[in-house]
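Chemist:
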Amino acid sequence: MTVPAVEAVDVWRTYELDGVSVSALRGVSLTIDQGEYVAVIGPSGSGKSTLMHLLGGLDRPSGGRLVIGGRDVTTLTAPELATLRNETIGFVFQAFHLLARTSAVDNVALPLVYRGVGARQRREQAAAMLGRVGLGHRLHHRPNQLSGGEQQRVAIARALVTEPAVLLADEPTGNLDSATGEAVLELLERLNAESGVALVMVTHDQEVAARAHRRIAVRDGLIRSDSLHDRPPSDGSGVPATLDPAPSAEPRSASGSGPGHPPGGPGGAAGATGRLPRAEERPRPSGRLHRGDAG
Amino acid sequence: MRLAEAWRVASDALRANRMRSLLTMLGVIIGVASVVILVAIGTGTKQQVEQQVEGLGSNLLLVVPGRIEVGNAPVVSPLDLSDADAVSRVVGDPGRVAVTVASGATARAGNRSDFTTVQGVLETTPSVFTRSLSRGRYLTGADVDTSRRVAVLGDSVARALFPDRDPLGQQVTLAGVRFRVIGVFAPLGQSLGVDRDDEVHVPVTAAQRLWGTQRIDGIAVKAPDRERIDELGDRIVAELSRRHPDTEFSAVTQRQILGVLGDILGVLTGVLAAIAGISLLVGGVGVSNIMLVSVRERTREIGLRKAVGARPRDIGVQFLLEAVLLTSVGGLTGMALGVGAALLVDAFSPIPAAITWWSLALAFGVSAAVGIVFGVVPAQRAGRLDPVVALRAE
Ligand SMILES: Nc1ncnc2c1ncn2[C@@H]1O[C@H](COP(=O)(O)OP(=O)(O)O)[C@@H](O)[C@H]1O
Ligand SMILES: [Mg+2]
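In structure tokens, the structure reads:
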């Protein structure tokens, strides 16, 4: 039996604003399995970012059950939740959020600082990760010396240097032009295929959403549809089912129908998945892999 | 996060805002520097005064009418030279008894003049007060007995009146009466800003004639031994009280003078240190302000650090260290400046200054403590920031 990377059951998130409560999420249930590639779509203000923050343990639900890496978020203290984020989650933001006065390699090494990894080993791992995102030649550049696409790739390296179970990307190409955005997207998809990290990505672009194996449509704080697509539509004409209140595609519930969908479909990436199999029974693959590498 | 890492982050942050860090430190620098220098001056002055009082000669007893207490008005003296003789009989040795009758007067020589203090004294003064001459001779018993108009000049007076001549044998006019210079004192220097070489000694009898009085201001006794000095003082006071039943007399020893002066200077030093301490406190408030600004400016950075796994404590420690680093670097700089200034003052001005280790330790300790105290609130605020809100900050 596969342990889900993240599991949300009837999750609510309510904000109090001047005595008025606004519910950004109104009972969301979903499961993110190891290695999945999920696109989250929905109109602005529908609750996508709120959902991402919850899935990443950056925020706590106002109601419902949220389990990240096998641990119930509501039972965790703030430091425990921080450690859980560090070990299990990688974030990629639309605005990059790199430290301005810090080199690429030190930006990437930042999560390892809070893991207590020594300076030299931190840099080695960060440099290797930058190599994997194609920035091996930009280790000592500062963010302002990098292009937007390069900055986002540094941010992706930072998100993955801890070898998390889930990579949460909230409109990662939103600040990039289409060509650069496409390159960043391909990088994310490649890393998802290669390393088995689950990729959950918010996007406005239907074509981009169509490339994911699973699409979740959010509207008014509710999941309107949650559908699996074994292969991307060949014509790229979008995914009308996801916006339909009565989806024709296979609906998914909290139980989840398993992650048995090789990324990239039967064609291209089958070899990649074969190389790095789904980390079954591996709620926190990152930590263990790290220590293995270090030793 | 390791402490070394937090130090690095904190110092990086301070270096990134060099000018602001410096301006923030300025309050602490000034505060610490003023604590160090003011305490140094207070301590130096106290040491100097103590040396001088001790230099007056050992086992000294000063007998004056009235009480010796801070804030007491001086009493008109009923004493005259017969009282000095009576005291000599109590002591058993006239060579150990000195008297003084002093008044300000203008001293003239040729076309030069100098306002100075003229002291009418006995020939015993140099042995009682341990004074020495650089030239000529001191007054003799015969000078006193015959009211001879001879004078011994303090070093400053000699320089003022005879800048380019040997004063010995020259005439000086004191309050309009001519005296002959027979000696010049060896210089003593300054004490509490007062020139101790600005005086002229003449026979007490001549001084009394000059001012038309039979009085003397006070009597000084060099006690034969330290152990019975208080008892001797009591006996002298008893004798004088018997002779002048209407007047109260006091006999004070060097130790008592030192005690009183030490208390006054100690309080003064304390007050100065407290004033300087207040400026240190103000510096601390500045640190607190800047740290709050820094937290607000770096809200997104805090959010990001939390997103990648920083615990509230990691963030809090980082900002606390930043504040402590700010104040301790400021404290060290202030110490260096204070020590430098104190050494300069001591070397190139008449004001004495002595560095004490406790003042350095205190100033540094207080500045580091100021960093902790005033850094805690901003650090806690940073640590408690909601990461989602922080990441959205502008
Ligand atoms: N901190 C907050 N306080 C109050 N309301 C919020 C807050 N964050 C988000 N919201 C509201 O919740 C809703 C969903 O926001 P969000 O998740 O950012 O939407 P999306 O990412 O889909 O554009 C919006 O109506 C937004 O105004
Ligand atoms: Mg959003």
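For the record, the sequence lines run as chains A and B. Just so we're aligned, residue -6 is where the first sequence starts under my numbering, counting upward by one. Just so we're aligned, residue 21 is where the second sequence starts under my numbering, counting upward by one. Think of the CB as a built atom: it goes at the ideal place given N, C-alpha and C, for glycine as much as any other residue.
(1) Any heavy atom of ligand 2 within a distance shorter than 7 Å of the CB on residue 326 (chain B)?
(2) Using beta carbons (cut-off 8 Å, strictly below), is residue 258 (chain A) in contact with chain B?
(3) Tell me whether residue 40 (chain A) counts as near ligand 1, meaning its Cβ is closer than 7 Å to at least one heavy atom of that ligand.
(4) Looking at residue 154 (chain B) and residue 218 (chain B), is the spacing between their C-beta atoms short of 8 Å?
(5) Determine, using beta-carbon pairs with one atom in the segment 313 to 329 of chain B and one in the segment 400 to 413 of chain B, whether at least three such pairs fall under 8 Å.
(6) Only counting the same chain, and skipping five residues up and downstream in sequence, which positions put a Cβ closer than 8 Å to that of residue 398 (chain B)?
(7) May I have the straight-line CA-CA distance separating residue 35 (chain B) from residue 41 (chain B), to the nearest angstrom?
(8) Distance cutoff 8 Å, beta carbons only. Does residue 167 (chain A) sit that close to anything in chain B?
(9) Listing by chain order, which chain B residues have their CB less than 8 Å from the CB of residue 90 (chain A)?
(10) How long is the line joining the alpha carbons of residue 107 (chain B) and residue 216 (chain B), rounded to whole angstroms?
(11) In chain B, which residues lie with their C-beta within 8 Å of the C-beta of residue 219 (chain A)?
(12) Distance check for residue 246 (chain B) and residue 239 (chain B), CA to CA, integer angstroms please.
(13) Under 8 Å by Cβ, that's how I've got residue 257 (chain B) and residue 271 (chain B) pegged, so tell me the actual separation to the nearest angstrom.
(14) In the segment 103 to 123 of chain A, which residues sit with their C-beta less than 8 Å from some C-beta in chain B, listed in chain order?
(15) Give the residues of chain B in contact with residue 131 (chain A), contact being defined as C-beta atoms less than 7 Å apart.
(16) Since residue 302 (chain B) meets chain A, which of its residues come closer than 7 Å, beta carbon to beta carbon?
(17) Taking residue 53 (chain B) and residue 297 (chain B) to be in contact with their CB atoms under 8 Å, please state how far apart those CB atoms are, rounded to whole angstroms.
(18) Please report how far the alpha carbon of residue 148 (chain A) lies from the alpha carbon of residue 393 (chain B), in whole angstroms.
(19) Let me know the secondary structure DSSP gives residue 236 (chain B) once reduced to three states.
(20) For residue 96 (chain A), name the three-state secondary structure that DSSP assigns.
(21) So which residues on chain A does residue 25 (chain B) lean against when the C-beta distance must stay under 8 Å?
(22) Return yes when the Cβ of residue 45 (chain B) is within less than 8 Å of the Cβ of residue 353 (chain B), no when it is not.
(23) Apart from the five residues just before and just after residue 227 (chain A), which ones in its own chain have a Cβ nearer than 7 Å to its Cβ?
(24) Closest to residue 253 (chain B) by C-alpha separation, out of B:24, B:32, B:49 and B:83, would be which residue?
(25) Between the segment 55 to 70 of chain B and the segment 359 to 371 of chain B, do at least 3 Cβ pairs fall closer than 8 Å?
(26) Would the beta-carbon of residue 181 (chain B) fall within 8 Å of that of residue 129 (chain B)?
(27) Is it true that the CB of residue 144 (chain A) sits closer than 8 Å to the CB of residue 91 (chain A)?
(28) Less than 7 Å between the CB of residue 290 (chain A) and some heavy atom of ligand 2, yes or no?
(29) Excluding the 5 residues flanking residue 134 (chain A) on each side, which residues of the same chain have their C-beta closer than 7 Å to its C-beta?
(30) Rounded to a whole number of angstroms, what is the C-alpha to C-alpha distance between residue 163 (chain A) and residue 31 (chain B)?
(31) I think residue 329 (chain B) touches residue 75 (chain A), with their Cβ atoms under 8 Å apart; what is that distance to the nearest whole Å?
(32) Thinking just about the alpha-carbon of each residue, which of A:218, A:67 and A:46 is nearest to the one in residue 56 (chain A)?
(33) Step through the CB atoms of chain D and report whether any lies within less than 8 Å of the CB of residue 359 (chain B).
(34) Starting from the beta carbon of residue 466 (chain B), find every residue of chain A whose beta carbon is closer than 7 Å, and list them in chain order.
(35) Beta-carbon separation of residue 155 (chain A) and residue 79 (chain A) under 8 Å?
(36) If you drop the 5 nearest sequence neighbours on each side, which residues of the same chain put their C-beta closer than 6 Å to that of residue 89 (chain A)?
Modeler: Reading off the structure:
(1) Result no, Cβ not under 7 Å from ligand 2.
(2) Residue placement at residue 258 (chain A) is flagged as unreliable, the pLDDT there being 39, under the threshold of 50; the coordinate-derived value follows with that caveat. Taking a beta-carbon distance threshold of 8 Å, residue 258 (chain A) does not count as an interface residue toward chain B.
(3) Residue side-chain check: residue 40 (chain A) places its Cβ nearer than 7 Å to a non-hydrogen atom of ligand 1.
(4) In this structure, residue 154 (chain B) does not lie closer than 8 Å to residue 218 (chain B) by Cβ.
(5) Because the criterion of three Cβ pairs below 8 Å is met, the segment 313 to 329 of chain B and the segment 400 to 413 of chain B touch.
(6) Correct list, in chain order: 308, 311, 312, 314, 315, 339 and 343.
(7) Roughly 8 Å separates the two Cα atoms.
(8) Not closer than 8 Å to any Cβ of chain B, the Cβ of residue 167 (chain A) fails to qualify, so no.
(9) In chain order, 320, 323, 324, 327 and 411 make up the part of chain B whose C-beta sits under 8 Å from the C-beta of residue 90 (chain A).
(10) Their Cα atoms are separated by approximately 27 Å.
(11) Those do not exist, as residue 219 (chain A) stays about 24 Å from chain B at its closest Cβ, beyond 8 Å.
(12) So the alpha carbons of these two residues sit roughly 18 Å apart.
(13) About 5 Å separates the two Cβ atoms, so the contact holds.
(14) Of all residues in the segment 103 to 123 of chain A, 103, 104, 106, 107, 108, 109 and 112 have a Cβ within less than 8 Å of some Cβ in chain B.
(15) What residue 131 (chain A) touches in chain B: nothing, since even the nearest Cβ is about 20 Å away.
(16) The contacting residues do not exist; residue 302 (chain B) stays about 30 Å from chain A at best.
(17) That belief does not hold up - the Cβ atoms of residue 53 (chain B) and residue 297 (chain B) are roughly 12 Å apart, past 8 Å.
(18) Straight-line measurement puts the Cα of residue 393 (chain B) at about 36 Å from the Cα of residue 148 (chain A).
(19) For residue 236 (chain B), the secondary structure class from DSSP, reduced to helix, strand or coil, is coil.
(20) If DSSP states are grouped into helix, strand and coil, residue 96 (chain A) belongs with coil.
(21) Within chain A, the residues near residue 25 (chain B) are 106 and 112.
(22) Taking 8 Å as the Cβ cut-off, residue 353 (chain B) and residue 45 (chain B) qualify as a contacting pair.
(23) Only weak support exists for where residue 227 (chain A) lies, its pLDDT of 44 falling under 50; the coordinates are left without a value.
(24) Considering only alpha carbons, the answer is B:83.
(25) Using a Cβ-Cβ distance cut-off of 8 Å, the segment 55 to 70 of chain B and the segment 359 to 371 of chain B are in contact, since at least three pairs of beta carbons, one from each stretch, lie closer than that value.
(26) For the 8 Å CB-CB criterion, residue 181 (chain B) and residue 129 (chain B) form a contact.
(27) Residue 144 (chain A) sits close to residue 91 (chain A), with the two beta carbons spaced by under 8 Å.
(28) Because chain A here runs from -6 to 288, residue 290 (chain A) falls outside it and cannot be looked at.
(29) Excluding five sequence positions before and after residue 134 (chain A), the CB atoms of its chain that fall closer than 7 Å to its own CB belong to 96 and 97, given in chain order.
(30) Their backbone Cα atoms lie some 33 Å apart in a straight line.
(31) Confirmed, about 5 Å.
(32) For residue 56 (chain A), the closest of A:218, A:67 and A:46 by C-alpha to C-alpha distance is A:67.
(33) The structure shown has no chain D; the protein chains it does contain are A and B.
(34) Residue 466 (chain B) is absent from the structure shown; chain B starts at 21 and stops at 414.
(35) Yes. Within cutoff.
(36) Within the same chain, and ignoring the five residues on either side of residue 89 (chain A) in sequence, the residues whose Cβ sits closer than 6 Å to its Cβ are 144, 145 and 148.
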